[in-house]
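Asks: According to the numbering used here, the sequence shown is numbered sequentially starting from 5.
One structure is given below, represented as structure tokens, and several questions about it will come after.
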Amino acid sequence: MTSNTHVFDAAEVLCTEGFQAYFKELANYFASNKRDNLTYGEFLNRTARATLPLACNQEALFYTVAYAWPHYLTMRKLIEDLIEVTADNGSIKLQVIDYGCGQGVASIAFIEFLIEKGLTENCEIDLVLIDPSFVSLQIAQYLCARLAKAYGINMTIQTQPCELKDARLPKANIYNDTIHLMSNVLDVDTVQESLDDLVSQIAKIPGSHLLFATSPSYSGTQAGFNMLKQLTPYASVWQEDDIKLWHEQYIITQDRWMQCSAKRDLMMLSWEASDAGLEVAC
Ligand SMILES: C[S@@+](CC[C@H](N)C(=O)[O-])C[C@H]1O[C@@H](n2cnc3c(N)ncnc32)[C@H](O)[C@@H]1O
Numbered sequence: 005m006t007s008n009t010h011v012f013d014a015a016e017v018l019c020t021e022g023f024q025a026y027f028k029e030l031a032n033y034f035a036s037n038k039r040d041n042l043t044y045g046e047f048l049n050r051t052a053r054a055t056l057p058l059a060c061n062q063e064a065l066f067y068t069v070a071y072a073w074p075h076y077l078t079m080r081k082l083i084e085d086l087i088e089v090t091a092d093n094g095s096i097k098l099q100v101i102d103y104g105c106g107q108g109v110a111s112i113a114f115i116e117f118l119i120e121k122g123l124t125e126n127c128e129i130d131l132v133l134i135d136p137s138f139v140s141l142q143i144a145q146y147l148c149a150r151l152a153k154a155y156g157i158n159m160t161i162q163t164q165p166c167e168l169k170d171a172r173l174p175k176a177n178i179y180n181d182t183i184h185l186m187s188n189v190l191d192v193d194t195v196q197e198s199l200d201d202l203v204s205q206i207a208k209i210p211g212s213h214l215l216f217a218t219s220p221s222y223s224g225t226q227a228g229f230n231m232l233k234q235l236t237p238y239a240s241v242w243q244e245d246d247i248k249l250w251h252e253q254y255i256i257t258q259d260r261w262m263q264c265s266a267k268r269d270l271m272m273l274s275w276e277a278s279d280a281g282l283e284v285a286c
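What follows is the structure, given as structure tokens:
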């Protein structure tokens, strides 16, 4: 059983140099601690290709080294390409919900987007992190809190250690805008089974909404995207499939770094609560 000290150390790097440096720090840690690591086969078998909740720190480390960097880049590209952040009176106030957040890759991509756009002054975020893996959720909470503190973001974090079928979304929204993050979850069967109930809760949240969804280009991803679109006929849809994303990756099975490409599907939904039938209180 490995401890989490390497994550705490790497969090320091996250706050000063960003997520790429955090990922590289953990990949280098992984490469120099081979005896403690899981093999590729062990990880895939236990986690059903990283779709089941992670059970221990060893699995969390493996996931970050094997998958986190392309996942971060994909969400970052989607946000970067489509989001228009306008700071009213120089302030950003948002609710962010990260569904099946794992170790917080999508939330970190969003926070780093704000940091790089210089939007962290007078920035308030209510972050809701939902994942059935307690280990992942703890890391996500720790990293987001550290990053927010380092950049002066006024952030509250609520964690829900549960599957989406048991999630209870905020009914009120003290801010007008909600960002929904679905990073590599819409291809997961149990997530798809929860969508109906989840979307009825989402439709009750007042204000303006942007939902960002990314996943590898699997048939399961298209099934999840289609279900979500069918359940939200009031939303405007932007979608791009099969985009090729080049990135530098540590190849665990070969113990070396190389340039790799990953195929991803990206989708953004946007709507106003009134489009979803929610009456606006006067
Ligand atoms: C491929 S990982 C994605 C994690 C993270 N969003 C990312 O992009 O790195 C899939 C995540 O879904 C979570 N998960 C699996 N089944 C779930 C369910 N029914 N409800 C909520 N989350 C679930 C897992 O615990 C895991 O963190």
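Glycine included, every Cβ here is placed at the ideal spot set by N, Cα and C.
Please read all numbers here as calculations on a predicted model, not as lab measurements.
Compute every distance between the C-beta of N188 and the non-hydrogen atoms of ligand 1, then say whether any falls below 7 Å.
Replies: Checking the Cβ of N188 against ligand 1 gives yes.
Asks: Would you say A70 touches ligand 1, meaning its beta carbon is less than 7 Å from a heavy atom?
Replies: Answer for A70: no, Cβ out of range of ligand 1.
Asks: Measuring only the C-alpha atoms, how far is K267 from G224?
Replies: For K267 and G224, the distance between alpha carbons rounds to 14 Å.
Asks: For a test of your reading of the model: does the CB of D85 fall under 7 Å from any non-hydrogen atom of ligand 1? Yes or no.
Replies: Not under cutoff, so the answer is no.
Asks: According to the neighbour-count rule (16 or more other Cβ atoms, all chains shown, within 10 Å of its Cβ), is P210 buried or exposed?
Replies: By the 10 Å Cβ count, P210 comes out buried.
Asks: Is there contact between the stretch 160 to 173 and the stretch 186 to 206, where contact requires at least three CB pairs shorter than 8 Å?
Replies: The stretch 160 to 173, when compared against the stretch 186 to 206, does touch it at the 8 Å Cβ threshold.
Asks: Pull up the CB-CB distance for F23 and E116, whole angstroms please, since I reckon it's below 8 Å.
Replies: Their Cβ separation, rounded to whole angstroms, is 6 Å, which keeps F23 and E116 in contact under 8 Å.
Asks: Anyone know if the C-beta pair for S140 and A64 falls short of 8 Å?
Replies: Against a cut-off of 8 Å, the Cβ pair of A64 and S140 comes out as a contact.
Asks: Per DSSP, P220 is paired with what?
Replies: Paired residue(s): R268.
Asks: Determine the extent of the beta strand (DSSP E) in which N49 is found, giving its start and end residues.
Replies: Where N49 is concerned, there is no enclosing beta strand (DSSP E), although the alpha helix (DSSP H) it sits in stretches over Y44 to T51.
Asks: Do you know how far the Cα of M79 is from the Cα of I157?
Replies: Going by the C-alpha atoms only, they are around 20 Å apart.
Asks: Is the stretch 265 to 281 in contact with the stretch 213 to 228, if contact means three or more CB pairs nearer than 8 Å?
Replies: Yes, since at least three Cβ pairs between the stretch 265 to 281 and the stretch 213 to 228 fall closer than 8 Å, the two stretches touch.
Asks: Whether or not the stretch 120 to 130 and the stretch 97 to 105 are in contact is what I'm after, with contact meaning three or more pairs of Cβ atoms, one per stretch, closer than 8 Å; do they touch?
Replies: Result yes; three or more Cβ-Cβ pairs closer than 8 Å.
Asks: So G40 is in the alpha helix (DSSP H); what residue range does that whole segment cover?
Replies: The displayed chain sequence assigns Asp, not Gly, to residue 40. First-last for D40: undefined, no H or E at that position.
Asks: Measure the alpha-carbon distance for I119 versus Y155 and round it to whole angstroms.
Replies: Their Cα atoms are separated by approximately 7 Å.
Asks: Quick check on DSSP: helix, strand or coil for N177?
Replies: It is coil, neither helix nor strand.
Asks: Please return the same chain residues whose Cβ sits closer than 6 Å to the Cβ of Y33, not counting the five positions on each side in sequence.
Replies: Same-chain partners within the cutoff: H10.
Asks: Using the Cβ count rule (16 or more neighbours within 10 Å means buried), how would you classify N177?
Replies: By the 10 Å Cβ count, N177 comes out buried.
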